[in-house]
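These notes concern the structure reproduced below.
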Amino acid sequence: MPEKNVRLEVMQQLEPKVDGFIDEFLIPVEKIWQPTDFLPNSQQETFYDEVTEIRELAKELPYDFWVVLVGDTITEEALPTYESWLMDVEGINQHDGGTAWSRWVRYWTGEENRHGDVLNKYLYLSGRVNMIEVERTTQHLINDGFDIGTDRDPYKNFVYTSFQELATYISHNRVAKLARQHGNKSLAKMCKIISGDEMRHYNAYSTFVKEIFTIDPSQMMIAFKDMMKHKIVMPAMFLRESGDSIGDAFDEFSNAAQRIGVYTGQDYIDIMKKLIVRWDIEKITGLTDEAEKARDFVMSLPARMERINQRIKISEKITHFKWVNPAMVK
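Numbering-wise (the numbering used here), the sequence shown opens with residue 269 and increments by one.
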């Protein structure tokens, strides 16, 4: 049987469990937080005072912090790209009334959508950010799409989403800590709760992979190796400002995140290590020769990458983005 059909068969075999995963890892609309819970209520007389407080506290946050917060917001706002990509994965199938898998993608999207909403409104109210440039970058990122190297393969896509959800947990959690250090408790609370969503989503996608390992361990191992060998590209890899070429802004955004310790090369390596432990890679049995070689590659990769990472130097020079006017921040 062709490998492609085996993947579809595995997705169909797992489908009866998916509604249980929705109940376990996602939260009903009526119970989950909404952006308004963390923003000034425009129906209240206290609205203007609360906006003034946001603007005053925002003055204490440094330049690289704003660049990272804007980049994180834009990445969250590009959600239409991620949903359309996942809906095309083999076995998801949104046609003829959809399946439990397509329900998962829609419900996950609904949760993720709140992140961009709340951060965008915060940026707007803060008065520190050039919103028209942020909005142009967001539209460019959606227009440009992405290619994460997974094709329609569910195995590779679930490795990617497991990795990315853990990466976004780290990023939002670190931003929350920095905001708190600068006395901005409301922004810290907002980013902390977003990071909590990302951790739940990581737990879900990594569970999907673990389930696949029990059914089709050799092909799942090879898919894991393929994703690690070609590197996990970031969702914002095509980030650009208005007037620039695709991807021009990504490296400098990444440098800003590394300078303030929000997301670093070491974090990438640590996520690999966590996934190796999460999926018990060392203990999986019944692998083909090719899959055994794939396991050997995966197990040795973090140490190799750590040696390379130690030699990489991040530029200390702050890059000025159109998103953030240097005169408006520290």
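We put the CB at the ideal spot given by N, CA and C, even for glycine.
Since the model is a prediction, treat every value here as computed from it, not as a measurement.
Candidates A504, V338, W369, of which the one nearest V278 by Cα
As a position in the sequence shown, residue 278 is number 10, starting the count at 1. Considering only alpha carbons, the answer is W369.
Might you give, ordered along the chain, the residues of its own chain that have their beta carbon closer than 7 Å to the beta carbon of T406, omitting 5 neighbours on each side?
As a first step, residue 406 must be located in the sequence shown, where it is residue number 138. Result list for T406: I342, E345, A346, in chain order.
Taking only three categories from DSSP, how would you classify V592?
Reading the sequence shown from its first residue, position 324 is the one you call residue 592. If DSSP states are grouped into helix, strand and coil, V592 belongs with the strands.
Can you tell me which of A444, M458, F476 puts its alpha carbon nearest to the alpha carbon of F431?
Taking the first residue of the sequence shown as position 1, residue 431 is located at position 163. Check the Cα spacing between F431 and each of A444, M458, F476: the tightest is with F476.
Which listed residue (N398, D332, V592, G413) has its alpha carbon closest to that of S352
Residue mapping note: residue 352 aligns to position 84 of the sequence shown, counting from 1. The residue with the shortest Cα to Cα distance from S352 is G413.
State the DSSP-derived secondary structure class of V397, mapped to helix, strand or coil.
Stepping through the sequence shown from its first residue, residue 397 is reached at position 129. The three-state reading of DSSP puts V397 in strand, counting E and B together.
Taking the alpha-carbon positions, what's the M573 to D356 distance?
As a first step, residue 573 is located in the sequence shown; it is residue number 305 there, counting from the start. As a first step, residue 356 is located in the sequence shown; it is residue number 88 there, counting from the start. Rounded to the nearest whole angstrom, the CA to CA distance from M573 to D356 is 32 Å.
Within the same chain, show all residues whose beta-carbon is closer than 7 Å to that of Q534, passing over the 5 residues directly before and after it, in chain order.
Counting from one through the sequence shown, the residue named residue 534 turns up at place 266. So the qualifying residues of the chain are N577.
Report yes or no: do the region 443 to 451 and the region 415 to 432 share at least 3 C-beta pairs separated by less than 8 Å?
Short answer: they don't touch.
Between G511 and D332, what straight-line distance do the alpha-carbon atoms span, to the nearest angstrom?
As a working mapping, residue 511 is identified with position 243 in the sequence shown. As a working mapping, residue 332 is identified with position 64 in the sequence shown. The straight-line gap from Cα to Cα measures roughly 22 Å.
Tell me which same chain residues have a C-beta within less than 6 Å of the C-beta of P308, skipping the five on either side of it?
The sequence position of residue 308 within the sequence shown is 40, counting from 1. Within the same chain, P308 has close Cβ partners F315, E318, V319.
Locate the alpha helix (DSSP H) running through V427, then write down its first and last residues.
The sequence position of residue 427 within the sequence shown is 159, counting from 1. Residues 422 to 449.
Quick one: what does DSSP say F293 is sitting in, helix, strand or coil?
Start at 1 with the first residue of the sequence shown, and residue 293 comes out as number 25. If DSSP states are grouped into helix, strand and coil, F293 belongs with the helices.
Secondary structure of R508, DSSP reduced to three states:
Here residue 508 refers to the residue found at position 240 of the sequence shown. For R508, the secondary structure class from DSSP, reduced to helix, strand or coil, is coil.
Selection from Y536, D484, K585 that minimises the alpha carbon distance to Q280:
Within the sequence shown, numbered from 1, the residue matching residue 280 stands at position 12. For the options Y536, D484, K585, the alpha carbon positioned closest to that of Q280 is the one of D484.
Are I552 and M489 close, meaning C-beta to C-beta below 8 Å?
Indexing the sequence shown from 1 puts residue 552 at position 284. Indexing the sequence shown from 1 puts residue 489 at position 221. When the beta-carbon positions are compared, I552 and M489 come within less than 8 Å of each other.
Do you know offhand how far F492's Cα is from Q362's?
Residue numbering aside, residue 492 sits at position 224 when the sequence shown is read from its first letter. Residue numbering aside, residue 362 sits at position 94 when the sequence shown is read from its first letter. Note on geometry: alpha-carbon atoms of F492 and Q362 lie some 26 Å from one another.
Residue ranges of each alpha helix (DSSP H) run of no fewer than 4 residues wholly in the region 320 to 360, ordered along the chain?
Counting only runs of 4 or more, we get 331 to 345, 347 to 355.
With distance defined between alpha-carbon atoms, name the residue in N398, I514, F306 nearest to V592.
Taking the sequence shown and counting its residues from 1, one reaches residue 592 at position 324. Ranked by Cα distance from V592, the first of N398, I514, F306 is N398.
Could you give the residue range of the alpha helix (DSSP H) that holds I480?
If you number the sequence shown from 1, residue 480 lands on position 212. Taken as a continuous stretch (DSSP letters only), the alpha helix (DSSP H) holding I480 covers 453 to 483.
Helix, strand or coil at S568 according to DSSP, with G and I counted as helix:
Looking up residue 568 in the sequence shown gives position 300. Of the three classes helix, strand and coil, the one that applies to S568 here is helix, per DSSP.
Local Cβ density within 10 Å of N411, reported as buried at 16 or more and exposed below that
Within the sequence shown, numbered from 1, the residue matching residue 411 stands at position 143. Per the 10 Å Cβ criterion, exposed.
Check M502 in the structure and name its three-state DSSP category.
Taking the sequence shown and counting its residues from 1, one reaches residue 502 at position 234. Note: M502 maps to coil in three-state DSSP.
In whole angstroms, give me the CA-to-CA distance for G366 and S513.
Residue 366 sits at position 98 when you count from the first residue of the sequence shown. Residue 513 sits at position 245 when you count from the first residue of the sequence shown. Using only the alpha carbons, I get a separation of about 37 Å.
Residue nearest to S394 in terms of C-alpha spacing, selected from R323, Y531, I528, E358:
Residue numbering aside, residue 394 sits at position 126 when the sequence shown is read from its first letter. The candidate whose alpha carbon is nearest that of S394 is R323.
So what does DSSP say about S486, is it helix, strand or coil?
Here the question's residue 486 lines up with position 218 in the sequence shown. In the three-state DSSP reduction, S486 falls in the helix class (H, G or I).
CA nearest to the CA of E358, picked from V427, D419, I544, P594
If you number the sequence shown from 1, residue 358 lands on position 90. When each option's Cα is compared against that of E358, the closest is D419.
Reduced DSSP secondary structure (H/G/I, E/B, other) of W301:
Within the sequence shown, numbered from 1, the residue matching residue 301 stands at position 33. DSSP places W301 in coil when its eight states are reduced to three.
With 16 other CB atoms within 10 Å as the buried threshold, where does I582 fall?
Mapped onto the sequence shown, residue 582 falls at position 314. Residue environment analysis places I582 among the exposed positions, since fewer than 16 neighbouring C-beta atoms fall within 10 angstroms of its C-beta.
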